[in-house]
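A.B. asks: The numbering of the sequence shown is this note's numbering, which starts it at 58 and goes up by one. For every residue, glycine included, the Cβ atom is placed at its ideal position computed from N, Cα and C. Since this is a predicted model, take the numbers as computed values, not measurements.
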Amino acid sequence: MRSLAIVMFTTFYPPHSFGGDAIGVQRMARALVARGHDVTVVHEEDSYRILGGKVQAEGPSDGVRRIGLSARNGFVSNLLTQQLGRPVVLAARIRDILAERKPDIIWHNNTSLIGGPGLLVMGDALKVYEAHEHWLVCPTHVLWRYGRELCDARDCLRCQISYRRPPQLWRGTGMLGRALDRMDLIIAKSEFSRTKHREFGLRQEMAVLPYFLPDLAKTAEPYCGHARPYFLFVGRLEKIKGLQDVFPAMDRYPDADLLILGDGEYAAELKRLAAGRANIQFLGRKSPEELDAYYRGALGLIVPSICYETFGIILIESFRLGTPVIARRLGPFPEIVERAGGGALFSTEDDLIAAMRSLQSDPVLRAAQSTEARRAFETIWHETPVMAAYGAAFAAAAHHRGDAALVRALEAGAFETGVRQGLVPFS
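This is how it looks when you write it as structure tokens:
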């Protein structure tokens, strides 16, 4: 099978990343390497440092070639890209990388501070844009207006000022639309996200391709170190994740605890809000192995985000371990939970409490939801079927572009393993 040369662009990437989207890009890069492809990830280091990030440990080699770009004056470089929509300082280095790597596929992810729309027109290969967030239609990326409410109509100038960000001059020029016209494939992560992009003015067609997870080499034993039954929250501690809305429900639900795994800029305020509640505990960050055990021991995962997510990978992390989910009826969560049959949705505090009580008081219901959650992971969000769907979408885009050699490689299974690998016995 032909090995493809793939260059992926993104602003954040480990070890210069805050998690979430960057981990999704890393997971895809590693999956492509595992299928024999030559993958280079080009990311921007200065923005991570400017935003207060601490460089993480690199970890063992995974076969992905990582190129971190940095400028002599990173703040100025970032500001020019943010304002002008092109990689003013980094352009020459990016051109050199593309000339050296000669990619078959140029794969853009979050390109906001590595090059903006000006990056999208660079290079000559099959061009893909994957929308991990709503940056294509929202300067703040999250459709969370003024930092306090869901966005239902454009008021971008005042909203950017409320976030203390300089308005982006290029957004009024049509520059992004013209750049996106050069894309061979634009990917949304959910039907909901595709709809939101359309509602907010994106005129290009989008294909829906979800996130995936590889299966675990071994199923974790349930965590037994907590004396009481517990529900779980996992994720970055930010206001838009909605965890603060769960605290009043815990006052009315004394039969179980809420264990919170994660950290973030809103942690101190959340701890202040939770003060005096013995059934809420903050446990900080955990290793992947520890996290899996907590999932397995939980009655259910609570996902209370109050913003428009593009997908919600935390849900399929829970499904992979057979843990039911209780998610807010918002954004892409209904399509994920209802398709899986592995949990419940809530709109009100009463709904949340009722869902918690059902999982705890009805072991038969919980067992059924656990089984459905795991089944949905295996058939919908496991790495193998998702990568096959990517291969089919890329082949169609290459056919439309007229790249017969790339079509042959993709139709020959370049994104597939040929064998359904990685599924482990689950109990």
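Indicate the three-state DSSP secondary structure (helix, strand or coil) for Ile244 in the structure shown.
C.D. replies: In this structure, Ile244 counts as strand in the three-state DSSP scheme.
A.B. asks: What are the residues that DSSP puts in a beta bridge with Ala401?
C.D. replies: Paired residue(s): Ile383.
A.B. asks: Answer yes if the region 442–454 comes into contact with the region 239–258, meaning at least three C-beta pairs across the two stretches below 8 Å, and no otherwise.
C.D. replies: With a cut-off of 8 Å, the region 442–454 and the region 239–258 count as touching, because enough Cβ pairs lie within range.
A.B. asks: Grab me the residues of Ala313's own chain with a C-beta within less than 8 Å of its C-beta, minus the 5 sequence neighbours each way, in chain order.
C.D. replies: Excluding positions up to five away in sequence, the list reads Arg285, Pro286, Tyr287, Phe288, Asn336, Leu356, Met413, Gln417.
A.B. asks: Looking at C-beta atoms only, is the number of pairs between the region 390–398 and the region 332–352 that lie closer than 8 Å three or more?
C.D. replies: With a cut-off of 8 Å, the region 332–352 and the region 390–398 do not count as touching, because too few Cβ pairs lie within range.
A.B. asks: Within this structure, are the beta carbons of Pro196 and Gly180 separated by less than 8 Å?
C.D. replies: No, the pair does not count as a contact, with Cβ atoms beyond the cut-off.
A.B. asks: Is the region 305–312 touching the region 260–278 in the sense that three or more CB pairs, one from each, lie closer than 8 Å?
C.D. replies: The answer is no - the region 305–312 does not touch the region 260–278, with fewer than three Cβ pairs under 8 Å.
A.B. asks: Tell me the DSSP secondary structure of Ile370 in three-state form.
C.D. replies: Helix at Ile370.
A.B. asks: Comparing alpha-carbon positions, which option in Ile317, Val82, Leu170 lies nearest Ala331?
C.D. replies: The shortest C-alpha separation from Ala331 is found at Ile317.
A.B. asks: Give me the Cβ distance between Ser247 and Pro389, rounded to the nearest whole Å; I'm assuming they're in contact under 8 Å.
C.D. replies: Confirmed, Cβ separation roughly 4 Å.
A.B. asks: Where does Asp153 sit, in a helix, a strand or coil, going by DSSP?
C.D. replies: Helix.
A.B. asks: Quick one: Cα of Ala411 to Cα of Gly76, how far?
C.D. replies: Looking at the two C-alpha atoms, the distance is approximately 32 Å.
A.B. asks: With burial defined as no fewer than 16 other Cβ atoms inside 10 Å of the residue's Cβ, what is the status of Leu176: buried or exposed?
C.D. replies: Buried is the call here.
A.B. asks: The alpha helix (DSSP H) with Ala62 in it runs from where to where?
C.D. replies: Segment 62–67 is the beta strand (DSSP E) holding Ala62; no alpha helix (DSSP H) there.
A.B. asks: If you follow the beta strand (DSSP E) that Tyr186 is part of, which residue opens it and which one closes it?
C.D. replies: Tyr186 -> beta strand (DSSP E) spans 183–188.
A.B. asks: Mapping the DSSP letters down to three states, classify Val443 as helix, strand or coil.
C.D. replies: Three-state result, Val443: helix.
A.B. asks: Kindly indicate which three-state DSSP category Ile317 falls into: helix, strand or coil?
C.D. replies: Three-state DSSP puts Ile317 in a strand.
A.B. asks: In chain order, what residues of the same chain lie with their CB nearer than 7 Å to the CB of Ala62, ignoring the 5 residues before and after it?
C.D. replies: Excluding positions up to five away in sequence, the list reads Asp95, Arg158, Lys159, Pro160, Asp161.
A.B. asks: DSSP three-state call for Ala471: helix, strand or coil?
C.D. replies: Three-state DSSP puts Ala471 in coil, outside helix and strand.
A.B. asks: I need the boundaries of the alpha helix (DSSP H) containing Val90, first residue and last residue.
C.D. replies: 78–91 is the extent of the alpha helix (DSSP H) around Val90.
A.B. asks: Have a look at Ile383, Arg123, Ala264 and flag the residue whose alpha-carbon is nearest the alpha-carbon of Phe66.
C.D. replies: Of the candidates Ile383, Arg123, Ala264, the one whose C-alpha sits nearest the C-alpha of Phe66 is Arg123.
A.B. asks: Whole angstroms is fine: what's the gap from Arg251's alpha carbon to Ile107's?
C.D. replies: When rounded, the distance between both Cα atoms is 31 Å.
A.B. asks: Looking at Val99 and Leu126, is the spacing between their C-beta atoms short of 8 Å?
C.D. replies: Taking 8 Å as the Cβ cut-off, Leu126 and Val99 qualify as a contacting pair.
A.B. asks: Trp164 by DSSP, collapsed to three states: which one?
C.D. replies: Trp164 falls in the strand class under three-state DSSP.
A.B. asks: When the Cα atoms are used, what is the spatial distance from Ser415 to Ala425?
C.D. replies: Approximately 12 Å, taken between the alpha carbons.
A.B. asks: Specify the secondary structure class of Leu119 as computed by DSSP and reduced to three states.
C.D. replies: A quick correction: the sequence has Asp, not Leu, at residue 119. In the structure shown, Asp119 sits in coil (DSSP, three-state: anything other than H, G, I, E or B).
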